[in-house]
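The block underneath contains the structure these notes are about, expressed in structure tokens.
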Amino acid sequence: MNERIFLSAPHMGGQEIKFINQAFDENWIAPLGPNVNGFEKDLQDYNKVSNASVLSSGTAAIHLALILLGIRRDDVVLASSFTFSATVNPIVYQQANPVLIDSEDETWNMDPNLLEKAIKEYIQKGKKPKAIIFVHLYGMPGKIEEVRALADQYEIPIIEDAAEALGASLNGKALGTFGDFGVFSFNGNKIITTSGGGALVSENKEWIDKSRFLATQARDAAPHYQHSEIGYNYRMSNIAAGIGRGQMLVLDQWVEKRRANHEFYRNELGNLGLSFLNEPENSFSNRWLTCVLFDESIKRTTEELRQYLEGFNIETRPLWKPMHLQPVFKKYDAYTSGVSEKLFKTGLCLPSSSSLSMDQKQLIVEKIKQFLK
């Protein structure tokens, strides 16, 4: 049996250990230190954003953004339905009500037309939405410029979930920098990793300063432990940030490798009844995961292909099951079009690690071709 081929494996660049060793040598084993400050500066410089706070997860970043926007019980927050639950869970942490918005079929991300419909209807009900959480799935830029225009028109702040989209851009502007807040994730399966971690970015310095305060248990400036607000243990450690600093040095290389994976799959499989997500004009995707859709000509299911490849120790995964189909969110309103449900039914994510060898890619393609025959 061949060695396990993972969907999206961590990939070290080799220089991470230098930053980790420095932290040990200087005894900075804490949720503060030179690597934390340096990683935040690296993210600011790379994304051309003024302020960044590195945290324990992307989920923590979304939660803090909601807190900073004053989201509380019974407030309405509009969120992408076709996403991972970590996008929507923090809305419920705040005892607010998520309203789930379906995708458009060009980029698979939030549909601006459905979004505007939801905004208008909730305003008519006297429940103007307090925030929009917009997700860029699989590293593909969504229609964030249209959503930004709507948000400005109706004066609703945007939390831009770019957890899967570090290194991607639209019209030359980094994803995560169109919203009032941007969110990144450095989970083990992301394009770069700190083993676990995330970041919150914004042009608003007061917000990011406050996020750091809240993320370190909201400790007041006093010689004793004094707390005037509820805080959280959400700050990234100096060790994890050291990994992040090393990973930033190879981020662009890893994006190139993921994009090369996508092109390989497309060239080998694109005429066999499988379709791929195209980059719209002026979009640059990091191709975090390469995903395929089954055309109607294929009479077998994506689940059959998933199980077939698993028999060869090759990990694949269905596309996200929309949040409006999840039992935990079924009681909340959703504006649907059927797009995300069809994607879930007919889509599969292929192994996309930046460390994939050509032999591994050829094996994956060979087995998919065998299955389709």
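Mind the numbering: the sequence shown is residues 1347 to 1719 in our numbering, read in order.
Glycine included, C-beta positions come from ideal geometry on N, C-alpha and C.
Exposure of residue i, with buried meaning 16 or more beta-carbon neighbours within 10 Å
i, result
"Lys1301", "The requested residue 1301 does not occur in the structure, where the chain is confined to residues 1347 to 1719."
"Thr1647", "exposed"
"Phe1370", "exposed"
"Tyr1681", "buried"
"Glu1656", "exposed"
"Asp1598", "exposed"
"Arg1418", "exposed"
"Asn1383", "exposed"
"Ser1548", "buried"
"Lys1489", "buried"
"Pro1569", "exposed"
"Met1347", "exposed"
"Asp1526", "buried"
"Ala1567", "exposed"
Member of the options whose CA lies at the smallest distance from the CA of residue i
i, options, result
"Ala1400", "Lys1463, Asn1459, Leu1560, Glu1501", "Correcting the residue identity first, residue 1400 is Val in this sequence and not Ala. Ranking the options by Cα distance to Val1400, first place goes to Leu1560."
"Met1594", "Pro1668, His1357, Phe1352", "His1357"
"Ser1402", "Ile1417, Lys1387, Ser1531", "Ser1531"
"Val1423", "Ala1477, Ile1375, Glu1386, Glu1452", "Ala1477"
"Gly1404", "Ile1417, Pro1436, Tyr1392, Pro1380", "Pro1436"
"Gln1361", "Asn1383, Val1596, Phe1480", "Val1596"
"Asn1584", "Ile1363, Ser1683, Phe1352", "Ile1363"
"Gly1485", "Ala1464, Ala1520, Leu1702, Leu1461", "Ala1520"
"Phe1717", "Glu1602, Arg1652, Lys1677, Lys1688", "Arg1652"
"Ile1408", "Asn1607, Tyr1578, Asn1383, Asn1617", "Tyr1578"
"Gly1543", "Met1582, Ser1431, Ile1502", "Met1582"
"Glu1462", "Pro1668, Phe1630, Glu1492, Val1434", "Glu1492"
"Thr1539", "Trp1600, Ala1568, Lys1551", "Trp1600"
"Ser1396", "Ala1568, Gly1616, Glu1602, Phe1524", "Phe1524"
Sub-9 angstroms separation of residue i and residue j beta-carbons
i, j, result
"Phe1428", "Val1685", "yes"
"Trp1634", "Ile1537", "yes"
"Gly1528", "Phe1385", "no"
"Phe1365", "Ala1509", "no"
"Tyr1611", "Leu1696", "yes"
"Leu1689", "Leu1665", "yes"
"Thr1662", "Leu1353", "yes"
"Ile1465", "Phe1480", "no"
"Ser1703", "Arg1604", "no"
"Thr1636", "Asn1607", "yes"
"Lys1330", "Leu1414", "What the structure shows of the chain is the stretch from 1347 to 1719, and residue 1330 is not part of that stretch, so it cannot be assessed."
"Pro1475", "Tyr1500", "yes"
"Leu1618", "Ala1398", "no"
Coil, strand or helix - residue i by DSSP
i, result
"Met1582", "coil"
"Tyr1678", "coil"
"Asp1457", "coil"
"Arg1663", "strand"
"Ser1399", "strand"
"Gly1577", "coil"
"Phe1480", "strand"
"Val1601", "helix"
"Asp1507", "strand"
"Leu1415", "coil"
"Leu1639", "strand"
"Ser1431", "helix"
"Pro1673", "helix"
CB contact below 9 angstroms: residue i versus chain B
i, result
"Leu1546", "Although the question refers to chain B, the structure presented lacks it and comprises just one protein chain."
Does the structure place the segment 1435-1444 close enough to the segment 1492-1499 that three or more beta carbon pairs sit under 8 angstroms? no
Segment contact flag, the segment 1375-1382 with the segment 1512-1525, C-beta cutoff 8 angstroms, min 3 pairs: no
Contact between the segment 1705-1713 and the segment 1620-1629 is defined here as three or more beta-carbon pairs at a separation below 8 angstroms; is this criterion met? no
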